[in-house]
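Student:
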Amino acid sequence: MQTLVTHACIIDFFVWPNLRDHLIASETSHTPEAAAAHYAAEIQLSWPYQLRDAYRYNEEKHKFQFSMEFNNVYYDLKSWQFRSNPALKMLVANGPMSSLEGRLHASTTCHTMTGFPLNDNGGELNGGDLLAQTLKHLGVEVAFGLHGGHLDAFLQGCEASQIRLIDTRHETVAVQAAESYAKFSKKIGVCFITANSGFSNGIPGLATALADRSPILCITSSPPTRDLENNSLQGIIDQVVVSRPLTKFAYRMTNPEDTPRIVKHAIGVAISGAPGPVLLDFPIDVLFTPVHKPLISWGSVSSPFPYGPGPHTAAIDGTAELLNAAKRPLIIIGTGGNSKEAGESLMKLSETCGIPIFDTMKCKISFIPSQFSLNGGPSSILALLPRLGMQQPDLILLLGARTGMFLGGRSGAVIPEKDCKLVQVDVDGAEIGRTLPVDLGAISDVTQFAAALNRHYDTTPFQGFVDTQWVNNILSLKDLASPYEQEPEVQPSGRLHPYHALKHVLSSVPKESIVILDGGEAPLWASNVISRCSPSAIVKSSGGLGFLGNGFGYALGAAVACPDRRVINLHGDGSAGFHFMDLDTYKRHDLNIMTIVVNNHCWGMSSNGQDLIYGTKTPTRPVSHLSPVTDYSLVAKALGNASVKLQAISDVTPALAGLLDQNGPSCIELVVDDKPTHPVTVSMVGQTDEPGMVVVPYYDNVPRAYYKS
1 MQTLVTHACI
11 IDFFVWPNLR
21 DHLIASETSH
31 TPEAAAAHYA
41 AEIQLSWPYQ
51 LRDAYRYNEE
61 KHKFQFSMEF
71 NNVYYDLKSW
81 QFRSNPALKM
91 LVANGPMSSL
101 EGRLHASTTC
111 HTMTGFPLND
121 NGGELNGGDL
131 LAQTLKHLGV
141 EVAFGLHGGH
151 LDAFLQGCEA
161 SQIRLIDTRH
171 ETVAVQAAES
181 YAKFSKKIGV
191 CFITANSGFS
201 NGIPGLATAL
211 ADRSPILCIT
221 SSPPTRDLEN
231 NSLQGIIDQV
241 VVSRPLTKFA
251 YRMTNPEDTP
261 RIVKHAIGVA
271 ISGAPGPVLL
281 DFPIDVLFTP
291 VHKPLISWGS
301 VSSPFPYGPG
311 PHTAAIDGTA
321 ELLNAAKRPL
331 IIIGTGGNSK
341 EAGESLMKLS
351 ETCGIPIFDT
361 MKCKISFIPS
371 QFSLNGGPSS
381 ILALLPRLGM
391 QQPDLILLLG
401 ARTGMFLGGR
411 SGAVIPEKDC
421 KLVQVDVDGA
431 EIGRTLPVDL
441 GAISDVTQFA
451 AALNRHYDTT
461 PFQGFVDTQW
471 VNNILSLKDL
481 ASPYEQEPEV
491 QPSGRLHPYH
501 ALKHVLSSVP
511 KESIVILDGG
521 EAPLWASNVI
531 SRCSPSAIVK
541 SSGGLGFLGN
551 GFGYALGAAV
561 ACPDRRVINL
571 HGDGSAGFHF
581 MDLDTYKRHD
591 LNIMTIVVNN
601 HCWGMSSNGQ
611 DLIYGTKTPT
621 RPVSHLSPVT
631 DYSLVAKALG
641 NASVKLQAIS
651 DVTPALAGLL
661 DQNGPSCIEL
671 VVDDKPTHPV
681 TVSMVGQTDE
691 PGMVVVPYYD
701 NVPRAYYKS
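Right, dumping it as structure tokens:
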């Protein structure tokens with residue numbers, strides 16, 4: 001650690017542009033007599049809040065203005081010389097400077113900032129080196145990306161700083177790998193994408209990171225600052241302007257010395273409040289320019305990141321009162337509860353009050369074991385309660401989960417519309433009450449909220465009377481037999497029933513695997529049988545955007561973050577087509593990722609949705625079918641992945657045993673029928689014969705303004 005003392009000079013000069021260059025020149029002296037005689041300078045020393053390097057002409061005052069921050073220096077006003085001595089002597093009391101006759105106003109503030117040791121690596125430290133060393137200092141161990149010459153100085157710096165570089169075949173995969181790495185490692189995810197072309201390919205990753213609250217730092221580059229708005233190579237798009245709606249913070253660096261301060265700030269923005277992506281654009285000249293060490297702005301680079309928010313005491317007291325009064329309470333946790341500490345606190349709270357815990361399954365990283373006695377499973381099964389004649393909950397603690405599609409929207413299927421109190425806890429106050437009315441809201445980290453409730457019950461025993469029979473009944477829902485168990489394993493087409501095919505495959509993969517689900521109907525069928533492999537984590541990669549293809553990046557990030565786990569990367573043949581070439585990435589980096597392609601030769605949800613809406617009205621099914629001759633197992637083999645093509649149930653067990661006996665990536669092509677239609681597709685289409693309604697797939701149907709009887 002190094003403690004550096006920083007001063008800043010803000011200097012106004014009458015017209016003499018060259019004086020700035022002379023002052024910056026190392027150890028260049030100018031006699032105050034000469035300056036006073038010719039240029040009557042006004043000098044004011046102060047500490048600006050942010051590092052500046054501004055040099056502009058002030059037309060009103062007819063003078064040039066120049067301000068710059070200088071680290072670890074002081075300005076000797078007797079000799080008009082910069083000194084590299086941290087003694088901070090400000091020599092203004094006597095000497096020839098008195099000739100300025102009161103025009104000199106000097107004040108100084110000492111500000112101590114802690115940096116970190118820099119390594120020149122036997123050469124000249126440039127902006128790319130400083131960026132890499134800053135990331136390493138902040139705990140970054142891996143970065144995902146795709147090469148571009150603009151980034152070479154940074155990539156060389158990463159090699160020297162021992163930051164592992166995982167290169168992909170598409171920038172979207174790199175950004176989404178950083179997303180997944182952040183989810184599983186609980187660290188900032190870092191990715192790098194080159195100027196304009198690479199940036200454009202990476203935009204979808206920024207969108208999914210924002211939608212799914214993934215804390216990532218995206219590093220990109222651009223042409224030299226002197227070539228802005230010059231139609232230069234890879235300089236057409238203003239990347240900062242484009243990325244601002246998709247990030248929490250986007251900024252273009254203008255000098256390399258700012259790097260530690262800005263990078264620390266950017267990461268702080270990414271991980272605080274509702275997590276999300278941030279982007280830093282380092283123009284190529286900033287990355288390749290040598291760093292002037294005395295000018296480095298360290299900011300808070302060596303300060304710890306702040307703690308997350310804790311709950312208000314009134315929120316804890318109010319929640320305890322609601323729990324004491326409830327007969328049928330339950331907890332639903334979202335991605336905000338995906339931590340070991342949150343899991344431990346929530347299980348203690350669950351046992352204290354005797355209430356079950358459900359999850360949204362958008363991203364379930366299981367710190368609450370499946371064998372935990374009060375683990376209710378996915379919250380979607382709560383929609384079965386009215387159909388089974390069972391009472392709905394009268395209190396829901398919604399912790400770190402946003403209302404919306406994963407919780408039944410406004411339908412009341414999961415969170416009842418009436419006779420149910422709702423407590424919503426989120427780090428983002430804007431999400432509380434966004435869709436549904438709440439009885440109590442708290443801006444808090446889920447771990448802190450659960451821990452505070454536990455402390456409350458440590459001193460004030462729980463006084464509620466939970467209906468244990470009701471609890472036992474809803475806990476049994478996850479064990480209900482599927483109606484598809486009785487259907488034949490082989491459909492009339494001769495192809496496998498998707499339910500049975502996936503049941504056998506997922507029963508054969510290692511327990512505690514990480515399962516990434518990508519696609520339309522394929523992940524729905526997999527969700528019905530996923531408990532067969534007791535996964536340690538489940539990620540439904542479509543997320544809030546309904547995105548397809550991001551399973552490839554999510555599998556990559558998970559495999560790097562958790563090298564001791566097998567990662568199952570499950571796709572429909574539609575989503576598989578987006579980034580299948582990144583099986584090459586899995587092979588080059590020797591990752592234990594098993595890709596499963598559920599191949600029904602169509603966009604299943606689209607095709608079946610069209611069948612439901614149009615039925616016999618028209619045989620037209622636009623752009624919803626895929627080629628039956630595409631052989632994913634053959635492509636996977638060509639990319640270095642061990643692979644098999646399965647078309648019979650009897651082949652599943654021996655084929656998987658062979659693949660799992662070896663390390664490295666593998667691929668299973670599972671050929672299935674496109675029927676039956678999954679019930680979730682049926683419910684999402686919302687088909688009705690009501691003449692006054694317009695069927696709108698995936699959303700609430702729209703009433704007609706008028707209709708013919």
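Every letter in the sequence shown is one number past the one before it in UniProt numbering, and letter 540, counting from 1, is 540. C-beta atoms are modelled at their ideal positions from N, C-alpha and C, and glycine is treated no differently. All of these numbers come straight from a predicted model, not from anything done at the bench.
#1: When DSSP labels each residue in this structure, what does Met253 get in the three-state scheme?
#2: Please report the Cβ distance between Gly308 and Val427, rounded to the nearest whole angstrom; I am assuming they are in contact, meaning their Cβ atoms lie under 8 Å.
#3: Check the C-beta distance from Asp518 over to Ser575 and give it rounded, since I have them as a contact under 8 Å.
#4: Since Gln176 sits in a beta bridge, which residues does DSSP pair it with?
#5: DSSP state of Lys478, grouped into three classes?
#6: Report yes if the CB atom of Glu521 is closer than 7 Å to the CB atom of Met605, and no otherwise.
#7: For Ser647, which beta-bridge partners are listed by DSSP?
#8: If contact is defined by three or more beta carbon pairs under 8 Å, each pair taking one atom from either stretch, is the segment 313-321 in contact with the segment 385-394?
#9: Going by DSSP, which residues form a beta bridge with Phe282?
#10: With DSSP as the reference, label Ser527 as helix, strand or coil.
#11: With three or more beta-carbon pairs closer than 8 Å as the criterion, would you say the segment 582-589 touches the segment 155-172?
#12: Could you say which of Gln448, Ala315, Ala325 lies nearest to Ser339 if we only look at CA atoms?
#13: Grouping DSSP H, G and I as helix and E and B as strand, with all else coil, what is Glu690?
#14: Would Cys533 pass as a contact of Thr595 if the rule is Cβ separation under 7 Å?
#15: May I have the straight-line CA-CA distance separating Ala638 from Asp582, to the nearest angstrom?
#16: Below 6 Å CB to CB, which residues in the same chain sit around Arg402 once its five sequence neighbours on both sides are set aside?
#17: Measuring straight from C-alpha to C-alpha, what distance separates Asn454 and His147?
#18: Roughly how many whole angstroms lie between the Cα atoms of Gly441 and Ile332?
#19: Can you find at least 3 beta carbon pairs, one from the segment 257-273 and one from the segment 227-239, that sit closer than 8 Å?
#20: If I measure Cβ to Cβ from Gly553 and keep anything under 6 Å in the same chain, skipping five residues before and after, which residues do I get?
#21: Nearest to Leu626 by CA position, among Leu135, Thr194, Asp674, Leu660, is which residue?
#22: To the nearest angstrom, how far is the alpha carbon of Leu545 from that of Leu206?
#23: Less than 8 Å between the CB atoms is what I'm expecting for Gly376 and Ile474, so what's the real figure, rounded?
#24: Where does Asp152 fall in DSSP's three states?
#25: Using the DSSP secondary-structure output, state which residues sit across from Ala642 in a beta bridge.
#26: Tell me which same chain residues have a C-beta within less than 7 Å of the C-beta of Phe465, skipping the five on either side of it?
#27: CA-CA distance, Pro393 and Cys420?
#28: In the DSSP assignment, the alpha helix (DSSP H) including residue 720 goes from what residue to what residue?
#29: Measuring straight from C-alpha to C-alpha, what distance separates Glu141 and Val414?
#30: Using DSSP bridges, identify the partner residues of Phe358.
#31: May I have the straight-line CA-CA distance separating Lys645 from Glu179, to the nearest angstrom?
#32: Grab the span of the beta strand (DSSP E) containing Cys191 for me, first residue to last.
#33: When burial is assigned at 16 or more other CB atoms within 10 Å of the CB, is Gln486 buried or exposed?
#34: Mapping the DSSP letters down to three states, classify Met390 as helix, strand or coil.
#35: Within a Cβ cutoff of 7 Å, which residues of the same chain sit near Val652, ignoring the five residues on either side of it in sequence?
#36: Whose CA, out of Leu135, Gly157, Pro204, lies closest to the CA of Gly189?
Tutor: Quick answer:
#1: Taking the sequence shown and counting its residues from 1, one reaches residue 253 at position 253. In this structure, Met253 counts as coil in the three-state DSSP scheme.
#2: Indexing the sequence shown from 1 puts residue 308 at position 308. Indexing the sequence shown from 1 puts residue 427 at position 427. The distance from the Cβ of Gly308 to that of Val427 is about 7 Å, consistent with a contact at the 8 Å cut-off.
#3: Residue 518 sits at position 518 when you count from the first residue of the sequence shown. Residue 575 sits at position 575 when you count from the first residue of the sequence shown. Contact holds; Cβ gap of about 5 Å.
#4: Counting from 1 along the sequence shown, the entry for residue 176 is found at position 176. Note: Gln176 sits in no beta bridge, so no partner.
#5: The count along the sequence shown starts at 1 and reaches residue 478 at position 478. Note: Lys478 maps to helix in three-state DSSP.
#6: Sequence index remark: in the sequence shown, residue 521 carries index 521 (1-based). Sequence index remark: in the sequence shown, residue 605 carries index 605 (1-based). Yes; because the gap between Cβ atoms is below 7 Å, this pair is in contact.
#7: For the purposes of this step, residue 647 is taken as residue 647 along the sequence shown, with counting starting at 1. The amino acid occupying residue 647 in the given sequence is Gln; Ser does not appear at that position. Partner(s): none; Gln647 has no beta bridge.
#8: no
#9: Locating residue 282 in the sequence shown gives position 282, counting from the first residue. Note: Phe282 sits in a beta bridge opposite Ser221.
#10: Looking up residue 527 in the sequence shown gives position 527. Helix.
#11: yes
#12: Within the sequence shown, numbered from 1, the residue matching residue 339 stands at position 339. Ranking Gln448, Ala315, Ala325 by Cα distance to Ser339 puts Gln448 first.
#13: In the sequence shown, counting from the first residue as 1, residue 690 sits at position 690. Three-state DSSP puts Glu690 in coil, outside helix and strand.
#14: The residue labelled residue 533 in the question sits at position 533 within the sequence shown. The residue labelled residue 595 in the question sits at position 595 within the sequence shown. Cβ distance not < 7 Å, so Cys533 and Thr595 don't count as in contact.
#15: To locate residue 638, count along the sequence shown from 1; it is residue 638. To locate residue 582, count along the sequence shown from 1; it is residue 582. Cα to Cα, Ala638 sits roughly 12 Å from Asp582.
#16: By 1-based counting over the sequence shown, the position of residue 402 is 402. Excluding residues up to 5 positions away in sequence, Glu431 lie with their Cβ nearer than 6 Å to the Cβ of Arg402 in the same chain.
#17: Along the sequence shown, read from residue 1 onward, the residue named residue 454 stands at position 454. Along the sequence shown, read from residue 1 onward, the residue named residue 147 stands at position 147. One C-alpha to the other measures close to 49 Å.
#18: In the sequence shown, residue 441 corresponds to position 441, counting from 1. In the sequence shown, residue 332 corresponds to position 332, counting from 1. In a straight line, the C-alpha of Gly441 is about 15 Å away from that of Ile332.
#19: The segment 257-273 makes no contact with the segment 227-239: fewer than 3 CB pairs, one atom from each, lie closer than 8 Å.
#20: Taking the sequence shown and counting its residues from 1, one reaches residue 553 at position 553. The residues are Val173, Gln176, Ala177.
#21: Residue mapping note: residue 626 aligns to position 626 of the sequence shown, counting from 1. The residue with the shortest Cα to Cα distance from Leu626 is Asp674.
#22: Mapped onto the sequence shown, residue 545 falls at position 545. Mapped onto the sequence shown, residue 206 falls at position 206. Each residue's Cα considered, the two are about 12 Å apart.
#23: Position 376 of the sequence shown, counted from the start, is the residue given in the question as residue 376. Position 474 of the sequence shown, counted from the start, is the residue given in the question as residue 474. Their Cβ separation, rounded to whole angstroms, is 6 Å, which keeps Gly376 and Ile474 in contact under 8 Å.
#24: For the purposes of this step, residue 152 is identified with residue 152 of the sequence shown, where counting begins at 1. Three-state result, Asp152: helix.
#25: As a working note, residue 642 is residue 642 in the sequence shown. Answer by DSSP bridge pairing, in chain order: Ser666.
#26: Position 465 of the sequence shown, counted from the start, is the residue given in the question as residue 465. Within the same chain, Phe465 has close Cβ partners Lys327.
#27: Residue numbering aside, residue 393 sits at position 393 when the sequence shown is read from its first letter. Residue numbering aside, residue 420 sits at position 420 when the sequence shown is read from its first letter. Distance between the alpha carbons of Pro393 and Cys420 is about 6 Å.
#28: Nothing can be reported for residue 720, as the shown portion of the chain is limited to 1 through 709.
#29: Walking along the sequence shown from the start, residue 141 turns up at place 141. Walking along the sequence shown from the start, residue 414 turns up at place 414. Roughly 40 Å between the two C-alpha positions.
#30: Here residue 358 refers to the residue found at position 358 of the sequence shown. For Phe358, which the question treats as bridged, DSSP gives the partners Ile332, Gly377.
#31: Start at 1 with the first residue of the sequence shown, and residue 645 comes out as number 645. Start at 1 with the first residue of the sequence shown, and residue 179 comes out as number 179. In a straight line, the C-alpha of Lys645 is about 31 Å away from that of Glu179.
#32: Here residue 191 is taken as the residue at index 191 of the sequence shown, counted from 1. Where Cys191 is concerned, the enclosing beta strand (DSSP E) starts and stops at 189-193.
#33: Residue 486 sits at position 486 when you count from the first residue of the sequence shown. Answer is exposed; the Cβ neighbour count stays below 16.
#34: Stepping through the sequence shown from its first residue, residue 390 is reached at position 390. Met390: coil per DSSP, three-state reduction.
#35: Mapped onto the sequence shown, residue 652 falls at position 652. Contacts found: His504, Val505, Ser508, Leu646.
#36: Numbered from 1 along the sequence shown, position 189 holds the residue referred to as residue 189. Gly189 has its Cα closest to that of Leu135, out of Leu135, Gly157, Pro204.
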